[in-house]
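For the sequence shown, the working numbering gives the first residue as 1088, with consecutive numbering after it. Ideal placement from N, C-alpha and C gives every residue a C-beta, glycine not left out. Quantities reported herein were computed from a predicted structural model and do not represent experimental measurements. Notes to accompany the following structure.
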Amino acid sequence: MSAGRPSPNSDRLAGLLAQAGELRPELHRYCARLMGSVIDGEDVVQDTLARSLVALQDLELKDPEETPPLRPWLCRIAHNRALDLLRSRAVRMAEPIEAALDIADPAIADPVEMLMRQEAVKTAVSRFAELPTLQRSVVILKDVLDEQLIEIAALLNLTVDAVKGHLARGRARLREINAQAGPLPGAQPASAAVARYVALFNQRDWDSLRALLADDVKLHQSTYPLRVGSADVGMFFTIYDKFDGVWLAPAWLEGREVIAVFKDRADPKPSYMMWLEWRDDRISFIHDYRYVRYVVADAELTLAPGPKPAGDGAAP
1088 MSAGRPSPNS DRLAGLLAQA GELRPELHRY CARLMGSVID GEDVVQDTLA
1138 RSLVALQDLE LKDPEETPPL RPWLCRIAHN RALDLLRSRA VRMAEPIEAA
1188 LDIADPAIAD PVEMLMRQEA VKTAVSRFAE LPTLQRSVVI LKDVLDEQLI
1238 EIAALLNLTV DAVKGHLARG RARLREINAQ AGPLPGAQPA SAAVARYVAL
1288 FNQRDWDSLR ALLADDVKLH QSTYPLRVGS ADVGMFFTIY DKFDGVWLAP
1338 AWLEGREVIA VFKDRADPKP SYMMWLEWRD DRISFIHDYR YVRYVVADAE
1388 LTLAPGPKPA GDGAAP
């Protein structure tokens, strides 16, 4: 075999990695609700794919036939990683396994079953955090991702009867949460720092934006290599200069001040978002979600008060 020709193993690994990438949105739907945050959920997805890359490379080198079915394997990694993070934050709630209720798992759900699933899908991501962890996992897997009870039991290492019990209690509790919940918190006015960043970006004043970067600033964009340092991260603005029509607006998400990114100013909804971290009035970290736009699909993102800037790119 010539040195320049890929091996069958490398072709197979590339195919598995491509499949893993296609599963990202679904993994995020699960992880975001499990964590109660679309931002934290994406962090779990990133970590899951990084860990799976190492494991897949190892498995393919040792014995390709031992590589597990990809979807349930990735879901288990994501689930375990999310639980690790929840435990570290001391928010995981203990829950005894009680006798299972009579919950069917038909191919075609009855109308009541369908209503329960619709309620789970429409529930704000942050409200899932109010459920005990096992109830949360089971409700998400069954009602949001439409997994079969036997598959949920295998993933969570439970009996099917235990899954039914957690599902019944989780659904009941979720209905209570939704009935008692008030409106989601409204957005606050934009901070001066974010307002200035947005205004400079919309004016395409890249030099002034580069001047806001800390010397050791970092830029994270999905699975792309982390950029570090003002010189390297400064290229971020050079790249955006090539994208006509991109428009920014201050926004709030999960109590964090973020930036909504519109592909075009006329768009009714943002395509994705950015999130900036600051240190001593300088930007220390840019999180750009351009390549994982599914994150905003379930996001409770609210624009800061005031109309979205209009005009031809001039300062408002």
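{"Item": "For the alpha helix (DSSP H) holding Lys1251, just list the boundary residues, first then last.", "Value": "Val1247 to Gln1267"}
{"Item": "Quick check: the Cα distance between Gln1275 and Ala1142, rounded to an integer number of angstroms?", "Value": "44 angstroms"}
{"Item": "Closest by CA to Leu1173, which one among Ala1211, Ala1216, Ser1139 and Ile1164?", "Value": "Ala1216"}
{"Item": "Have a look at the DSSP bridge pairing and note the partners of Trp1334.", "Value": "Phe1349"}
{"Item": "If you measure between the beta carbons of Arg1352 and Trp1339, is that distance less than 8 angstroms?", "Value": "no"}
{"Item": "Going by DSSP, name the residue or residues bridged to Lys1305.", "Value": "Val1315 and Phe1372"}
{"Item": "Are the beta-carbon atoms of Ala1119 and Val1212 separated by less than 8 angstroms?", "Value": "yes"}
{"Item": "In the segment 1098-1132, which residue ranges form an unbroken beta strand (DSSP E) of at least 3 residues, counting only runs that do not cross its ends?", "Value": "none"}
{"Item": "Just the C-alpha distance for Cys1162 and Trp1365, rounded to the nearest angstrom, thanks.", "Value": "34 angstroms"}
{"Item": "Residues bridged to Glu1344 by DSSP?", "Value": "Trp1339"}
{"Item": "For the beta strand (DSSP E) containing Arg1366, list its first residue and its last residue.", "Value": "Tyr1359 to Arg1366"}
{"Item": "My assumption, with CB atoms under 8 angstroms, is that Val1320 sits in contact with Glu1129. Please give the rounded CB distance.", "Value": "Their Cβ separation, rounded to whole angstroms, is 20 angstroms, which puts Val1320 and Glu1129 out of contact at 8 angstroms."}
{"Item": "Taking DSSP as the reference, what is the three-state secondary structure of Ala1177?", "Value": "For Ala1177, the predicted structure reports a pLDDT of 49, less than 50, and the residue's modelled location is therefore unreliable. A value from the coordinates is still provided. Three-state result, Ala1177: coil."}
{"Item": "Using DSSP's beta-bridge definition, name the partner residues of Pro1389.", "Value": "Residue identity check: residue 1389 is Thr in the sequence provided, not Pro. DSSP output for Thr1389 lists Trp1339 as bridge partner(s)."}
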